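From first to last, the protein sequence lines stand for chains A and B.
Quick note: the first sequence uses the numbering used here, first residue 1, plus one each step.
Quick note: the second sequence uses the numbering used here, first residue 1001, plus one each step.
We treat Cβ as the ideally placed atom computed from N, Cα and C, and that holds for glycine.
Since the structure is predicted, the reported quantities are computational estimates derived from the model, not experimental observations.
For reference, the structure is listed below as structure tokens.
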Amino acid sequence: MAWGEDDDRRPEQDEGEEELDETDYKTQKDAVLFAIDVSKSMLQQPPATDKKKGEKDSAVAAALKCAYQFMQQRIIAQPKDMMGILLFGTEKSKFRDEAGGRSGTGYPHCYLFTDLDVPAAEDVKKLKALVEEGEDADEVLVPSNEPASMANVLFCANQVFTTNAANFGSRRLFIITDNDSPHGKDKAAKSSAAVRAKDLYDLGVVIELFPISQGGSSFDVSKFYDDIIYRDPAAELGSPDEVKTSKSGDGLSLLNSLISNINSKQTPKRAYFSNLPFELAPGITISVKGYMPLHRQQPARTCYVWLGGEQAQLAQGETIKVDSDTRTVDKSEVKKAYKFGGEYIYFKPEELASLKNLGGKVLRVIGFKPRSSIPTWASVKKSIFIFPSEEDYVGSTRVFSALWQKLLDADKVGLAWFVARQNANPIMVAIIPSRNPDEETSGTPYLPAGLWLYPLPFADDVRNVELSAPPRPADELTDKMREIVQNLQLPKAMYNPLKYPNPSLQWHYKILQAMALEEDVPEGLDDATIPKYRQIDKRVGGYLAEWKQMLAEKAGALMKSRAMKREVEDEDEGRPAAKRAKPAAKKAAGGHLSNAQLKAAFEQGTLKKMTVAELKDVLASKGVSAVGKKAELVEKLEQWIEENI
Amino acid sequence: MADKEATVYIIDLGESMADCHNGRDESDLDFGMRYVWDKISTTVAANRKTWTLGVVGLNTEETNNAQDREGLEGYDHISVLQEIGPASMSTLRDLRSLIQPSRSNGGDAISAVVVALSMIEEFTKKLKYNRRIILVTNAESPIDDESLEDVASRLNESNIELVVIGIDFDDPEYGFKEEDKSRAKAANEKTLRKLVDQCSNGVFGTMAQAVEELAIPRIKPVRPFKAYDGPLTLGDPSKYESALSIHVERYFKTKRAMAPAASTVVVNAERVGPSQTQALDEDIEMGGTGFSGVKQMRTYRVNDPDAPGGKRDVEFEDLAKGYQYGRTVVPFSESDLSVTKLETKKSFTILGFVPSRSYNFFLNMGETGVIVAQKHNEQAELGLSALIHTLHELESYAVARYVQKDGAQPQIFMLKPNPALEDEFECLYDVPLPFAEDVRSYQFPPLDKVLTVTGNVIKEHRLLPSEDLKQAMSDFVDAMDLSGFEVDDEGNPTEYASIDELYNPIIHRLNQAIRARAVNPDGPIESPAEILLRFSKPPEKLIKKAKSEIEALADAAEIKKVPAKAQGRRGRKEPVKPLSGLDIDALLGESKRTTISLENAIPEFKQMLATAADDATVENAAKQMGDIVRKLVRDSFADLSYARAAENLRVMREELISLEVPALYNKFLTGLKKSILSGELNGDRREMWFKHVVGGHLGLITQDESEVSEVTADEAKAVSL
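Here's what the structure looks like:
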């Protein structure tokens, strides 16, 4: 939908009211500052090996590659979010270019490589040069002789966040280091670091540690970092944020290990709603938070660019409302009314509020059903994940857990009335459990365990597609098909979305990146969603050929028997023709014309003889817009026949 | 899209229609009009030129119809109130004044049907129309039954449906019988029934049922839309001979129906005479009620350090289109814009198969489609059928890549077989699945165990259910089962709340209210129809049945509501500690913080308050913080430091609320507003106030937020303006 048609950016438009659903929900913005330790050991090249999978990157290189990948992903997935890169333990020091204050000297051995901001093409370019070409013209990747003071590093980060991402809802400092004891036994240095860490905590910055262990030694967080790291105040109870150490080995390179650890923190966990009362039965209420782990990612919309200055600049649009005399309308004059029969029907704001209010925000169970009672087609939109919160009701987690286990064991789902927020439209949902991701049979190792609110269609949302029943299939055809289906299982016998990047999105950003970085435009795209045709042919080509042969035979036989039946019917029709002629003729002329009949009519040039109503019927049944004068309709139909039959 | 319609309503306006019967406190006419208004307003709402209606009054004082004018007899006291044509709001208004009981009763209902019939015949000619006559009467006035057969055969010839809805007509099927019915009425009812019976397309019913059924939401029928007509392939037929290709058609199975959207309007300015005729076309159409639509104009601004306020307007004509890559804007020429669009060809091809148990409903990303074989194509019919049955037998689904038309974005579908075992036709259903980019990896702790900081696994914990709780939950879920809760007409248990019973409450509530207001602009808003809220809570019978299980669950769960003000007061705050439990406050030493720096304002402000022993310290901290906010605003280059100032304000507000000294904040904020508006903070700083303070909900602390505040919500609003 966001495919550059920029439907909402035209200079003028008549605006209908947006559905008060997910659109008015503002996500909080996220800022991430990478702090990468540039010490001798971090820069150590791994010993050269012949092995293909051998380690190629120093820890710093791996960390920078991670940051580069993170930056690119961020531009696609979170275009409003910021990131920055701070190197520490460097010989050189740099804070900000701007004159005055504390440039350089304020934070010795801290080098702010990329200032915290929404990444620009320049930032991507500079980082890419460092990562891919190893271009380090400024010699930033030179370790200092004395280590950086962690207190300084933390305060430097503090200042970066304070000035650049002052009111971001989520601010995170990613520390990547292999040194579990930067200050050894220096108690004073440790203490001042701890104090600076507390400052960051009070500021609302969360520190995420990504320790690297090299050469078999383990990273002991208790030596220093336990004094630095706080439990995320927003985290659920009983869930210590696990600190995972990255290392190479087990066929996994340090880079991959680090990428996987950092990716798990890529998106800050944003709640879609908090503390929603979840009523299991009258008198039994717990509270839950809602999340959207699944969300359709769309390419960004086009924007307007002003080219009058030295640099291309984004033109920020502002909307003014005007009445039919193009007089600017004040906000207080504007009213909401419904179009009805060519006029406006007006409700006072309080009337409108009472109309839309069908009860406050709640998730209320009305009963349970077997999972199989949900029709396979009953889908309208993505599901929301819920997880218990102890903030409003102590005991929520254990009750939630008991419900989750029961639903899994009994293969049941809950049926519930769901109002996500005050003023949100109520919907009916099925409450469906997801298994532990590490269980082999989970089917969804990439999604967390918990309960999902699966929106059910209303009767209003269901289209009645009336179609005639086709013939019973020949059993042999079905039997033959088995081998084909059984031999073409997807890897691990599941659909894993992580293996299928969205080709449109990938292409859009690939081109955009090339244009932004002034690189060559790539020729093609490695599209993972295109089937492996060669493999299909190799694995089941033989079966398919046999099956097709059989299908041709069976189809031929069916065609014959039908033709005979028709002949018999035609003969029978001789007598009662008077009675049946009319409806039958009508049918044949309307939307029920077979393709063969259409083609015949087309070739004989008799399409023009059809009435407008009949033409419209046929076109609509073919999914072609049935708007226009008769000549246009005939033309459209001819075109369709040419293309499709 | 939908067929053309011509409907004539015949409404009995006879003297007796003004009376109230059978214990109702509204007249027969009002009772009957409930049904008619609902029907008419539905037509008006559709706002279609091809949906036409006419209205004929029966038992009117005057006589006004073509038959009478031609000199035919027996057409007295029948008036055409509205010739057939599209219905608009003004039709509705006109009718409101015309539909009044008369003092006459000399009209003949059958003659009225003939009048309506002629109107329809004349209007629709031989064109394709849905023709219908709806007669609403209490049948108290005499009916001439001589020409019933002629009338019926003419109705049948013209393909007109006759609907007779009688007030207090007997209907054994519905279960209504009027006691003390007059003999005349009984005879008339019989005559009308006879007429309807002779019609090939006739409905005869009682008004009570019709009115009752008005509450049942009517669903707008939508003609099936064919989204795809082409091959479903396995393999690549253009490269491999073995590849399979089945010609299929795909229709939408579900499509979210949207609630009516409100438009933005303004009250029309007082206009006199001629100026109105010069208004835009749309305006005339929309006129009458005194509202007119609002249009949006967009203006564009760019940053310009030399301009006042740092920004200046640019002309729309001077702008190019482009995309944003991070914070860099990449301009594209109009011809280049499509380069970023992936070139795709219309196709539908299977990637592979998966066991159906590996799939879960919550992976669905949207609306479903239904796939059937191309009609009259034996190969396709048999081929698709075999695929459907094989998938069903192997309990498998297919994963496919779908491109609706050339240039469309590829989608991944899960194809599920529907082998016509219970349903009447077999097909594949498809649902869209997520791509890699659509999955956000959020981490959550496990639900069946607790991990300690040191990595130990605990199986018994207050966050985990006890065996008792598990059992109670299991019993509760089983007791609350809905699958066989409802009983059908034959007494067999059936499913409760199946999808065809779920109506979108907002859509129907809004539509009903809009129609009601259109008919009666001064009427109050009625409470929502019961049927719309039917599934907003568990059925009472079920709750009664599961009473003991619910109680057992409540006992085992031991849920406690957290009191609203459990935390936050001064002194009660537990000092926050890092993972190691190190006491940072102790590190800071005895010397308590007394000054707050600009650079590190938020942490220092919080720390100063945390250790504050008296009100003077709190006041001092607030004052220092306030000075910092002022300084940030005053020294800000354009709006550069506004966000930071706002964040300091936010923390200040939050902390002072929790310390229950809202007055400190309110006093400061009032002063800040004055300073900003008077321009004493180094220039025009109004953006700081309106965008950040007001827009960021940082206004005065009201009594709703802090009991000790003396500011009401209205006062806070006034200050924000």
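| Check | Outcome |
| --- | --- |
| Examine chain B for any beta-carbon lying closer than 7 angstroms to the beta-carbon of T267/A, and answer yes or no. | yes |
| Are the C-beta of V1431/B and some C-beta of chain A separated by less than 7 angstroms? | yes |
| Name, please, each residue of chain B whose Cβ falls closer than 9 angstroms to the Cβ of H508/A. | Y1323, T1340, K1341 and L1342 |
| Cβ of N152/A within 7 angstroms of Cβ of Y111/A? | no |
| For N1377/B, which of R1401/B, D1229/B, I1628/B and P1355/B has the nearest alpha-carbon? | D1229/B |
| Using the DSSP secondary-structure output, state which residues sit across from D1229/B in a beta bridge. | E1249/B |
| Using a Cβ-Cβ cutoff of 7 angstroms, what residues of the region 136 to 158 of chain A are near chain E? List them in chain order. | In the displayed structure, chain E is absent; the protein chains listed are A and B. |
| For the alpha helix (DSSP H) containing G1383/B, list its first residue and its last residue. | E1378 to E1393 |
| Of the residues that make up the region 348 to 360 of chain A, which ones have a beta carbon closer than 8 angstroms to any beta carbon in chain B? | E351, L352, S354, L355, K356, L358 and G359 |
| Under 7 angstroms, Cβ to Cβ, is there at least one residue of chain B near P455/A? | no |
| Nearest chain B C-beta to D461/A closer than 7 angstroms, yes or no? | yes |
| Taking the beta strand (DSSP E) that C1427/B falls in, what are its first and last residues? | C1427 to P1432 |
| To the nearest whole angstrom, what separates the beta carbons of G395/A and I1559/B, a pair I think is in contact under 8 angstroms? | 4 angstroms |
| Suppose only complete runs of 3+ residues qualify. What are the beta strand (DSSP E) ranges in the region 320 to 389 of chain A, listed by chain order? | 335 to 340, 343 to 346, 362 to 370 and 384 to 389 |
| Could you name each continuous alpha helix (DSSP H) segment of 4 residues or more that falls completely within the region 1154 to 1222 of chain B, going from the start of the chain to the end? | 1183 to 1198 and 1207 to 1214 |
| Does the region 165 to 173 of chain A come within contact of the region 1609 to 1620 of chain B, defined as at least 3 CB pairs closer than 8 angstroms? | no |
| From the DSSP output, in three-state form, read off V1562/B for me. | coil |
| Measure the alpha-carbon distance for L1384/B versus A1420/B and round it to whole angstroms. | 13 angstroms |
| Just mark R1517/B as buried or exposed, buried being the case when its beta carbon has 16 or more other beta carbons within 10 Å. | buried |
| Helix, strand or coil for T1611/B? Go by DSSP, reduced to three states. | coil |
| Once the 5 residues before and after P501/A are set aside, which same chain residues still bring their CB inside 7 angstroms of it? | A528 |
| Along the region 392 to 411 of chain A, where does the CB come closer than 9 angstroms to a CB of chain B? Name the residues. | D392, Y393, V394, G395, S396, T397, R398, V399, F400, S401, A402, L403, W404, Q405, K406, L407, D409 and A410 |
| For the candidate residues I530/A, V140/A and A449/A, whose alpha-carbon lies nearest to that of L1349/B? | Reading off the sequence, residue 1349/B comes out as Thr, not Leu. Comparing Cα-Cα distances from T1349/B to each of I530/A, V140/A and A449/A, the minimum goes to I530/A. |
| Please list, in chain order, all residues of the same chain as D1171/B whose beta carbon is under 7 angstroms from its beta carbon, the five residues on each side excluded. | G1205, T1206 and Q1209 |
| So, does the region 427 to 444 of chain A touch the region 401 to 417 of chain A, judging by three or more C-beta pairs under 8 angstroms? | yes |
| Which full runs of the beta strand (DSSP E) of 3+ residues lie inside the region 103 to 127 of chain A, going along the chain? | 110 to 117 |
| How is the alpha helix (DSSP H) around Q1512/B delimited, first residue to last? | P1505 to V1519 |
| Are three or more beta carbon pairs between the region 382 to 402 of chain A and the region 1467 to 1477 of chain B nearer than 8 angstroms? | yes |
| Have a look at E1660/B and F1668/B and give me their C-alpha separation to the nearest angstrom. | 15 angstroms |
| Is there a C-beta anywhere in chain A that falls below 7 angstroms from the one on T1390/B? | yes |
| Spell out whether any CB of chain B is found under 7 angstroms from the CB atom of M559/A. | yes |
| Are at least three pairs of beta-carbons, each pair with one atom in the region 609 to 628 of chain A and one in the region 1094 to 1102 of chain B, less than 8 angstroms apart? | no |
| Let me know the alpha helix (DSSP H) ranges lying completely inside the region 1461 to 1486 of chain B, each 4 residues or longer, listed in chain order. | 1467 to 1479 |
| Could you give the DSSP three-state label for Q1411/B: helix, strand or coil? | strand |
| Where does Q604/A land, buried or exposed, given buried means 16+ other C-beta within 10 angstroms? | exposed |
| If you draw a straight line from the alpha carbon of V1719/B to that of L1677/B, how long is it in whole angstroms? | 12 angstroms |
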